[in-house]
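Below: the structure, in structure tokens.
Numbering (the UniProt record's numbering), first residue to last: 1 to 201.
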């Protein structure tokens with residue numbers, strides 16, 4: 001692994017760029033199903049994509065244990081994230097404040113991640129799923145807080161049995177995980193309060 005792979009590719013203007021990405025993520029979390037534009041502000045090593053890398057740089061720090069899926073664990077992205085965020089690697093999914101997933105199709109079940117507690121539901125894992133598109137997958141019908149009537153997104157790829165897993169996630173409320181979908185040039189969010197139905201349902 002080249003040393004420059006670890007050092008290069010971070011935010012050119014760390015404070016401004018992080019604020020820009022943070023605002024996009026917060027807008028997407030407040031209004032589930034909306035797609036928020038994110039400029040190309042980071043150039044992480046493969047297989048970590050630019051948007052997912054920028055979200056990780058924005059949210060992760062030395063106080064937030066980070067879990068990486070198998071593809072990221074064995075790549076230069078692991079050292080790149082450590083260098084630019086200072087985030088320690090979580091020993092298990094249940095220890096993670098954030099989980100960064102380059103290959104959502106092979107993701108372990110959501111229930112394996114930190115769910116928070118009844119008293120502290122925020123002590124849960126936020127998953128950052130790197131997706132290829134927010135419009136080319138099977139349409140998902142969204143309802144819940146922050147959605148005036150309904151919204152539709154179509155992310156791909158998603159974890160296996162994602163809709164069923166998400167129903168189980170909602171049943172654990174106020175515990176549960178939240179999801180950030182990071183696509184090329186855009187993000188969309190699924191907070192645990194969002195209800196998902198397939199368009200056929």
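Glycine included, C-beta positions come from ideal geometry on N, C-alpha and C.
- Distance from the CA atom of residue 164 to the CA atom of residue 172, rounded to whole angstroms, is 13 angstroms.
- Closest in alpha carbon position to residue 144, among 192, 86, 39, is 192.
- Taking 9 angstroms as the cut-off, the beta carbon of residue 130 is found no closer than this to the beta carbon of residue 154.
- For the 9 angstroms CB-CB criterion, residue 44 and residue 80 form a contact.
- For residue 143, the secondary structure class from DSSP, reduced to helix, strand or coil, is strand.
- The Cβ atoms of residue 50 and residue 132 lie no closer than 9 angstroms to each other.
- Within the same chain, Cβ atoms closer than 8 angstroms to the Cβ of residue 116 are found at 122, 123, 124, 174, 175, 176, the five residues on either side in sequence being excluded.
- CA-to-CA, the gap between residue 56 and residue 73 works out to about 15 angstroms.
- Here the alpha carbon of residue 96 sits roughly 5 angstroms from the alpha carbon of residue 90.
- Here DSSP, grouped into helix, strand and coil, assigns residue 194 to coil.
- Using a 10 angstroms sphere on the CB of residue 14, the tally of other CB atoms stays under 16, which defines it as exposed.
- Here DSSP, grouped into helix, strand and coil, assigns residue 178 to strand.
- The C-alpha of residue 112 lies about 15 angstroms from the C-alpha of residue 170.
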